[in-house]
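To start, the structure itself, in structure tokens.
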Amino acid sequence: MRHLFRAALAAALTLSLAPPAWAGTYDLTIGKAAINVAGRDQTAMTINGTVPGPVLRFTEGEDLIINVTNTLDEDTSIHWHGLILPYQQDGVPGISFPGIKPGETFTYRFPAQQAGTYWYHSHSGGQEAVGMYGALVIDPKAREPFRYDREYTVVLSDWHPDDSPRDILMNLKRSADYYNYQQRTLSTFLDDAEKMGLGRTLADRADWGSMRMVPADIADVSGYVFLMNGKNTDQNWTGLFKPGERVRLRFVNAAAMTFFDVRMPGLKMTVVQADGNNVRPVPVDEFRIAVAETYDVIVRPTDAKAFSILAESMARTGFARGTLAPEMGMAADLPPNRPKQFLTMADMAGHGGMDHGSMDHGSMDHGAMPQKSAPMDHSAMGHGPTHTMPDGSTMAGADHQGHGMTHTMPDGTVMKGESHAGHAMPQGQSMAGMDHSAHGAMASGDKDDPFYAPGSGLMPKAAEGGKFLSYADLKAIKPLYPDRPAAREIIVRLTGNMERYVWSINGVKYSDAEPIRLKYGERVRFKFINETMMTHPMHLHGMWQILDTGSGKYNPAKHTISIAPGKTVEADIEADAEGQWAFHCHLMYHMASGMFRKVVVERETAEVSR
Amino acid sequence: MNTSIRTVTLAAALTVGAILQPGSPARADAMDDAIYWHVQAEQVEMRTGEGTDTLAWEADGWIGNDDHRLAFKTKGENPIGKRLEKAEVQALYRRPISDFFDMNVGLRHNLRPDPDRTYAVLGIQGLAEQFIETDANLFVSETGDVSARLEAEVEWLLTQRLVLVPQAEADLSFSEDRKIHSGAGINTVELGLRLKYEMRREFAPYIGVHYERKFGATANFARDEGEDTSAVKFVTGLSFWL
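Residue numbers (our numbering), protein chains in the order written: chain A, 2 to 611; chain B, 5 to 246.
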């Protein structure tokens, strides 16, 4: 009887330990190889010898065994971006595991418990920026809610032909405008003076000067060559189609620092998936893909001709270009870049709710600000750490939410707008109600994207008119979690000191910060408040960020949420993954200079037993 | 004193050497606390025109993380064919005190004029509004004399690479130090206007004008020595990073 019981128990154990489906073994080798995308051979760090690395193709439910062998003479790692897995398998050195030493093989083991388009990359130093990334596709067990005849992964990236990641960060620390060759000059000053008068031009320059910021600061790093599937515009990556076929393009933005605006002249793109999760199909003419995001679109070219896939950098410095064509060797014309974009006062920190169209910056006495306390709005002061003003005095951190005309300066100084007279804008800038091209777009029925500050210089506009995708358009087809209110809110202020090139969260950089602690099983709301003039794609490892687009239970779940300058964006997190996770801005040099947190998810019982 | 300067230089060189060693990429838990460094010769120039032609230099550098840095500054003037007229070196500890300003604390040593002098330095430098680079320093010399130096500079972009740089510097003393020909009050004012062409950020030749005027007792000392109390000079020079 006893033996029988033991045998039964053993059998039960064996059964439960047996793989539920099947196990797939994959081998990746990290090394170096020459690539030629800038007119000469240069050394890249590679996964299985290529940039990008191989497309990894898994099946939902598969038990994965991935052997990663490091042949470099430095530590490495692979992070599975967007995958839900045990934290020890997440691949962040110093958080998930110690990293992979030279000569070592590390074996990742986890089940593929989701489907969709994802990617993988090194999480060690600057390795990702020099080639260590690739697309990762998990085929679903169930049928997908859309149809297509063929598919391609489209990996966008940026390659710096001159400077290593270490040099880039060194240059930025030495001089934050090292890479900015789009600054305002005497000639733009004269143009503006001609357009709007000398007085207003001087006042405008004084405004920016008092903040010690420049409106041309859209990308911290310039000089990149942009790549599509590892090829530059001349090398023209090409995917074939037969006219009438539905082609699914799985876009991955694996760039270190570059946001891309993607369009395919002559084709409507139907967005069907964002960050690996299916969304209600949205036909668009253009979409912006933040660093680390993925979007799946379906196009249906009916003519037997070449269609360009144009991914233009947000700073309008170049394209990643590829082609869909009925046969190899075809290409459509490569258009010139659109005019440079400039940030506006709307993009400046803490401008929630400000009416720029009716605000006269010229009448503000910015020059006298640090000495004067009269125009400061103390009612706007709120929680948060103290800010230091240029004169060394400190004041409480300002609350940036919805204070009508409150003007919060990067140094914590707060002032109130005083005059409501209309005003002219300098060259290249646009403000709500001032930009005539914006009027044109509005007339054709296109609305401003609510995920950008009203009047933002980064406001997306389709190149050839029409629909530009907004986060507001993303609605989950099958919500991953039941809708329930968050138990608490965590303020995530995105902060930085551009001049020193130090980026931070809530004013504290990673090495000086305590982890964010979540209780296992709770739902929390992250309230992102972007107080900087840069756009930050915030990526949480291990758990979804359910982005509040106003769609309630159909809010989309994302692994990366891009927060535009001056905007507040909210997302819920179901803390269902015990362990410690990375949470950071995915711009490489923002992450590397401190815009990073460890998020710890712990069971409450652990607290009690202590 | 020269020995100690040599020691400081050697120590700095060794530190720089150690840091430039390539290492493994930082782990996530320390990557934002790396050591960086910068050395730039902002001015290495020939001043010609009124009086003696002079080679002048001004350079500085730092090494450290975001919060703690060791810094040096050096400047001097060497009239061609004559002995070194002015030369000073500062060794400083630097840390941020606000978003845009740093505090410097350390020592300054003047090799020239004779006799040499060592000073304690307390300074604040940073980017003021309207992008004005400012540097304000207070010095206390070994003889107990207190002096100050105020510097301001701004870069006006004519094009992305052609930059007009107005500069101003004022040196003042709160007491007389006869031995080094320094009076009480404003001693010297220097004004400069340089037009540089940034071929790279690291390499920018320039031309310009430099005006210097001595005041009060300092001017008297100069007159007694047969020196000019004011001079306008044409400058050609090079600004570069190491």
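All residues carry an ideal CB built from backbone N, CA and C; glycine is no exception.
Since the structure is predicted, the reported quantities are computational estimates derived from the model, not experimental observations.
With contacts defined by Cβ atoms closer than 7 Å, Asn108/B and Arg121/B do not form a contacting pair. In the three-state DSSP reduction, Met35/B falls in the helix class (H, G or I).
Arg604/A sits exposed, since fewer than 16 C-beta atoms from the chains shown fall within 10 Å of its C-beta.
By the C-beta criterion, the region 234–242 of chain B is judged to be in contact with the region 43–53 of chain B, since at least 3 inter-stretch pairs fall below 8 Å. At a Cβ-Cβ threshold of 7 Å, Ile169/A and Ala316/A do not count as neighbours. Identification of chain B residues near Met171/A by a Cβ-Cβ cut-off of 7 Å yields Tyr40, ordered along the chain. Taking one beta carbon from each stretch, the region 215–234 of chain A and the region 308–323 of chain A have 3 or more pairs nearer than 8 Å; the two touch.
The residues Arg524, in chain order, have a CB closer than 7 Å to that of Arg485/A in the same chain once the five nearest residues on each side in sequence are set aside.
With respect to chain A, the C-beta atom of Leu161/B has a partner C-beta closer than 7 Å. Contact between Phe135/B and Val158/B holds: CB atoms are separated by about 6 Å, below the 8 Å threshold. Considering only Ala60/B, Gln164/B, Val193/B, the residue with the shortest C-alpha distance to Ser234/B is Val193/B. The count of Cβ pairs closer than 8 Å, one atom from the region 247–254 of chain A and one from the region 187–204 of chain A, stays below three, leaving the stretches out of contact.
In the DSSP assignment, Ile547/A falls within the beta strand (DSSP E) that extends over 546–548. In this structure Tyr149/A is in contact with Val248/A, their Cβ atoms being roughly 7 Å apart against a cut-off of 8 Å. Around the CB of Leu84/A, 16 or more other CB atoms lie within 10 Å, so the residue is classed as buried.
His540/A has Thr561/A, His585/A as its beta-bridge partners, per DSSP.
For the options Thr496/A, Asp449/A, Asp286/A, the alpha carbon positioned closest to that of Ala312/A is the one of Asp286/A. Closest by C-alpha distance to Met46/A, out of Leu187/A, Ser78/A, Arg58/A, Pro340/A, is Ser78/A.
The three-state secondary structure of Gly210/A, taken from DSSP, is helix.
Arg205/B reaches chain A at Asn172, Ser176, Tyr179, counting residues in chain order whose Cβ is nearer than 8 Å.
Rounded to whole angstroms, Pro455/A and His161/A show a C-alpha spacing of 33 Å.
Of the candidates Ser188/A, Phe584/A, Ile562/A, Trp23/A, the residue whose Cα lies closest to the Cα of Asp276/A is Ile562/A.
Annotated three-state conformation of Lys243/A is coil, per DSSP. Taking a C-beta distance under 7 Å as the contact criterion, Val93/B and Gly65/B do not qualify as a contact pair. Three or more beta-carbon pairs separated by less than 8 Å link the region 125–140 of chain A to the region 49–59 of chain A, which places the two stretches in contact. Residue state for Ile478/A is assigned as coil, using DSSP reduced to three classes.
If only complete runs of 4 or more residues are kept, the region 448–515 of chain A shows no alpha helix (DSSP H) anywhere. Assigned with DSSP and collapsed to three states, Arg87/B falls in coil, not helix or strand.
Judged by DSSP secondary structure, Arg227/B falls within the alpha helix (DSSP H) whose first and last residues are 220–228.
The straight-line gap separating the alpha-carbon atoms of His124/A and Glu294/A is approximately 16 Å. Taken in chain order, the members of the region 179–202 of chain A whose beta-carbon sits within less than 8 Å of a beta-carbon on chain B are Tyr179, Tyr182, Gln183, Gln184, Arg185, Thr186, Leu187, Ser188. The beta-carbon separation of Gly196/B and Phe219/B, rounded to 18 Å, does not stay under the 8 Å limit for a contact. DSSP links Thr202/A through a beta bridge to no other residue. For Lys510/A, the neighbours in chain B by C-beta distance under 9 Å run, in chain order, Asp36, Asp37, Asp70. Listed along chain A is no residue with a C-beta nearer than 9 Å to that of Glu155/B; the closest approach is about 17 Å. Measuring C-alpha to C-alpha distances from Pro146/A to each of Thr259/A, Val273/A, Asp205/A, Thr106/A identifies Val273/A as the nearest.
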